[in-house]
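> This is the structure I want to talk about, given as structure tokens.
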Amino acid sequence: MTLGTAASVRIAGETDDRNIDRYELASARRALRLIKGNLGDRLHALVGAEIAVGNAFFRDHVRRSGGEQVTGTLTIEARGLTAAAFSAWMIRAFTREDVLIAAQPEHYLMDMADPRGPHIVETLGEHVVGFRMGGWDESEVPGGTDRRHSLLTLDDDGTVVGSVSTSFREADHGMTAELSVTLPATSAPEAVEQHLQHFSVEFRSWMLLAAAETGEGSR
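Using our numbering, you'd call the opening residue of the sequence shown number 41 and step up by one each time.
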């Protein structure tokens, strides 16, 4: 072995460690599903101190930004799944707390039954934040695609901290999803970039599950 060569590990006969990564990801998902399922609402209480810090952090950025915001957008593609099928599946999925919690490791609370609006606790940037999603404002965009837009308000004092928007479009390969997040300008670009990464994980989880449950992926 040459001195200075970086260490690596792989299964004998394979060219890299991608399969080990897959196995680790599957194990991590099983572990989180078990832990989150057993903790239930207690998980929210466990991160209460972190939520207070995170909400204060973004409230300060709202003040410092003076109304200026920054938006980041991510486009992801799904094969073997139509936009129509996914949109219909998502409407049903938003009544299934287990599906919503499991989609992203940093989903700590996804209470869609709250009469004041969906109550979510997740990570924004480097902070755990509690917020409520407003009702989806729907508008038509070119190509006949419905874009849905929702304001995010901090759950402790109602400060508008930003917004998210989604649009799903049919494509030859299946569908594309355009996902956007808007946050106070002084918290960008780190928080915006982190949440685009967050989007990629949760929407891939939902799209793969939608394809499996609708049978579209097997056609």
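C-beta atoms are modelled at their ideal positions from N, C-alpha and C, and glycine is treated no differently.
1) Inspect the CB distances between the stretch 97-114 and the stretch 42-56 and report whether three or more fall short of 8 Å.
2) Judging by CA-CA distance, which residue of S105, D100, L192 is the nearest neighbour of R156?
3) Beta-carbon separation of V241 and V161 under 9 Å?
4) Which residues bound the alpha helix (DSSP H) around I141?
5) Whose C-beta lies closer than 7 Å to the C-beta of K76 among residues of the same chain, with five residues either side of it excluded?
6) Per DSSP, which residues does F171 bridge with? Please list them.
7) Comparing C-alpha positions only, which one of T55, A124, Q144 sits nearest to E256?
8) What does a CB cutoff of less than 6 Å around E279 pick up in its chain, not counting 5 residues either side in sequence?
9) Roughly how many angstroms lie between the CA atoms of M41 and D56, to the nearest whole one?
Walking through what the data contain:
1) No, the stretch 97-114 does not touch the stretch 42-56.
2) The sequence position of residue 156 within the sequence shown is 116, counting from 1. The shortest Cα separation from R156 among S105, D100, L192 belongs to L192.
3) Mapped onto the sequence shown, residue 241 falls at position 201. Mapped onto the sequence shown, residue 161 falls at position 121. Cβ atoms of V241 and V161: not closer than 9 Å.
4) Here residue 141 refers to the residue found at position 101 when the sequence shown is read from its first residue. Looking at the DSSP string, the run of the alpha helix (DSSP H) that includes I141 is 137-142.
5) Residue 76 sits at position 36 when you count from the first residue of the sequence shown. Sequence-distant Cβ neighbours of K76 in its own chain, meaning closer than 7 Å and more than five residues away, are L83, I141.
6) Translated into positions along the sequence shown, residue 171 becomes position 131. Residue pairing from DSSP places F171 in a beta bridge opposite I160, L194.
7) Locating residue 256 in the sequence shown gives position 216, counting from the first residue. Closest option to E256, Cα to Cα, is A124.
8) Any question about residue 279 goes unanswered here, given that the chain covers just 41 to 259.
9) Within the sequence shown, numbered from 1, the residue matching residue 41 stands at position 1. Within the sequence shown, numbered from 1, the residue matching residue 56 stands at position 16. Reliability fails at M41, whose pLDDT of 49 lies under 50, so the model's placement of it is uncertain and the value that follows must be treated cautiously. Near 18 Å, if we compare the C-alpha coordinates of D56 and M41.
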